[in-house]
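Residue numbering for the sequence shown follows the working numbering, beginning at 25 and increasing consecutively. Ideal placement from N, C-alpha and C gives every residue a C-beta, glycine not left out. Please read all numbers here as calculations on a predicted model, not as lab measurements. Here the structure is laid out as structure tokens; the discussion comes afterwards.
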Amino acid sequence: MRLQVAALRFRSIQLITTGQLITTGLILIFAVSGSLAQGSQGQSPQNPRSSGPILHNIRGKVYLPAGNLPDQRMRVVLELTTGGTAAETFSDSVGNFEFRSIPSNTYRVVVPTDNQSYDTTQETVELFGNLSRTFTVQIFLKDKDSDVKFKTTDRRLIGAADHQEIPKNARKSYEKAVKLAQKNKPEEAIKLLHEALAAFPDYLYAINKLGEQHMAMKKMAEAQAAFERAIAVNTKYAAPHINLGLIHMGRQQFREAIAEFETGNSLDDSFPMCHLNLGLALMSVDPPDYDRAEKEITRAIQMGGKVFVSAYKHLFNLNIRRQDLPKAAQNLEAYLKDAGDAPDAADIRKMLDRVKQAIAQKNQQ
Numbered sequence: 025m026r027l028q029v030a031a032l033r034f035r036s037i038q039l040i041t042t043g044q045l046i047t048t049g050l051i052l053i054f055a056v057s058g059s060l061a062q063g064s065q066g067q068s069p070q071n072p073r074s075s076g077p078i079l080h081n082i083r084g085k086v087y088l089p090a091g092n093l094p095d096q097r098m099r100v101v102l103e104l105t106t107g108g109t110a111a112e113t114f115s116d117s118v119g120n121f122e123f124r125s126i127p128s129n130t131y132r133v134v135v136p137t138d139n140q141s142y143d144t145t146q147e148t149v150e151l152f153g154n155l156s157r158t159f160t161v162q163i164f165l166k167d168k169d170s171d172v173k174f175k176t177t178d179r180r181l182i183g184a185a186d187h188q189e190i191p192k193n194a195r196k197s198y199e200k201a202v203k204l205a206q207k208n209k210p211e212e213a214i215k216l217l218h219e220a221l222a223a224f225p226d227y228l229y230a231i232n233k234l235g236e237q238h239m240a241m242k243k244m245a246e247a248q249a250a251f252e253r254a255i256a257v258n259t260k261y262a263a264p265h266i267n268l269g270l271i272h273m274g275r276q277q278f279r280e281a282i283a284e285f286e287t288g289n290s291l292d293d294s295f296p297m298c299h300l301n302l303g304l305a306l307m308s309v310d311p312p313d314y315d316r317a318e319k320e321i322t323r324a325i326q327m328g329g330k331v332f333v334s335a336y337k338h339l340f341n342l343n344i345r346r347q348d349l350p351k352a353a354q355n356l357e358a359y360l361k362d363a364g365d366a367p368d369a370a371d372i373r374k375m376l377d378r379v380k381q382a383i384a385q386k387n388q389q
């Protein structure tokens with residue numbers, strides 16, 4: 025008997041498996057639902073948070089005043105610059121810490137004094153951007169009573185678009201457009217983006233945002249033209265490469281998508297959505313590269329945390345294709361561990377039971 029399982033195929037907003045796995049008479053059909061990237065309907069690219077606020081991660085490291093690593097866990101507080109505590113955590117025993125699923129804003133990363141050897145030290149980090157990303161910060165504690173407050177590198181991941189000097193009127197129009205885009209009003213946003221570009225034609229953020237709004241309106245030719253224009257202005261800006269990759273994914277042009285996602289990652293490795301979609305493209309190209317796809321999707325999960333928990337379902341599909349049922353079961357278990365109350369959790373549990381039954385039946389043969 026044959027076990028019917030899907031090979032990833034892009035149709036509307038569901039990814040439905042269609043391949044074969046020789047085992048028992050059990051039939052499994054697994055559908056993966058996913059929000060569409062950048063508000064674009066009817067396309068294949070995956071963005072786990074396309075309908076909600078953009079969430080980011082902060083990763084950092086604490087260094088003692090002498091420059092060496094701490095030998096104990098350090099308390100780290102994330103504060104809003106406008107006041108209030110956003111989150112709190114402890115580093116590991118060598119100073120690494122992380123805050124996950126943080127909305128765009130300006131924050132202070134604070135290591136409070138121990139009242140003995142070092143003073144309270146803080147670093148400001150600005151979370152921004154149209155796609156989820158991981159920001160890095162390093163905090164060098166200062167000796168108590170020292171004149172040096174802190175020393176840091178990589179205050180934020182500065183990209184090509186951040187080096188532009190933007191006229192005030194252009195920035196004002198752009199910021200208004202961003203607010204309209206967040207309210208899902210692409211037509212109004214486009215008008216303001218054109219105003220921004222009339223004042224400053226090479227405004228990278230505005231050109232890229234213009235492309236995203238055309239994507240939201242399903243105007244893929246106009247979107248592609250905008251992203252290509254942004255790349256022409258500065259080839260080192262990662263976002264338009266990633267967005268071009270999403271357009272190619274929607275057209276099932278997987279090799280072209282892979283090229284754009286790889287370029288985006290080489291310019292800025294902090295976008296988990298880029299790693300996810302690169303993995304999906306590697307699964308879909310002929311012949312597929314499952315090993316690389318697994319690495320990219322796993323990296324997206326590691327970077328994005330629970331925001332990207334649905335990516336475990338893509339790993340499930342990947343391992344079903346490989347005919348690796350035990351690993352496929354592990355993927356579903358990992359999904360349920362982080363999303364046990366998700367709307368599809370009951371269906372996933374049933375699927376997991378069926379996979380385990382198939383494993384047991386196969387072992388009895």
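- For residue 157, the number of other beta carbons within 10 angstroms of its own is at least 16, and it is reported as buried.
- Straight through space, the alpha carbons of residue 362 and residue 377 are spaced by roughly 18 angstroms.
- Within the same chain, and ignoring the five residues on either side of residue 313 in sequence, the residues whose Cβ sits closer than 6 angstroms to its Cβ are 306.
- Judged by their CB atoms, residue 202 and residue 228 are not nearer to each other than the 8 angstroms cut-off.
- In this structure, residue 132 keeps its C-beta atom at 8 angstroms or more from the C-beta atom of residue 81.
- For residue 279, the enclosing alpha helix (DSSP H) covers residues 278-291.
- DSSP places residue 333 outside any alpha helix (DSSP H), giving it a letter other than H or E.
- Contact between residue 250 and residue 231 holds, since their C-beta atoms are separated by about 6 angstroms, short of 8 angstroms.
- The residues 383, in chain order, have a CB closer than 7 angstroms to that of residue 350 in the same chain once the five nearest residues on each side in sequence are set aside.
- Taking the CA atoms as reference points, residue 242 sits about 12 angstroms from residue 211.
- By alpha-carbon distance to residue 290, the top candidate from 261, 381 and 267 is 261.
- In the three-state reduction of the DSSP assignment, residue 308 falls in the helix class.
- The beta carbons of residue 161 and residue 135 sit about 11 angstroms from each other, so the pair does not count as a contact at 8 angstroms.
- 126 is the residue among 155, 142, 276 and 126 whose C-alpha sits nearest the C-alpha of residue 149.
- With contacts defined as CB atoms closer than 8 angstroms, residue 263 and residue 237 fail to qualify as a contacting pair.
- According to the DSSP assignment, residue 197 belongs to the alpha helix (DSSP H) that extends over 192-206.
- In the three-state DSSP reduction, residue 346 falls in the coil class, being neither helix nor strand.
- Nearest to residue 104 by C-alpha distance, out of 386, 86, 128 and 298, is 128.
- Between residue 342 and residue 366, the gap from beta carbon to beta carbon reaches 8 angstroms or more.
- Taking a C-beta distance under 8 angstroms as the contact criterion, residue 344 and residue 335 do not qualify as a contact pair.
- Apart from sequence neighbours up to five positions away, the residues of its chain that approach residue 109 with a beta-carbon distance below 8 angstroms are 101, 102 and 103, ordered along the chain.
- Annotation: the continuous alpha helix (DSSP H) that includes residue 248 extends over 244-257.
- Nearest Cα to residue 266 within the set 275, 299 and 368: 299.
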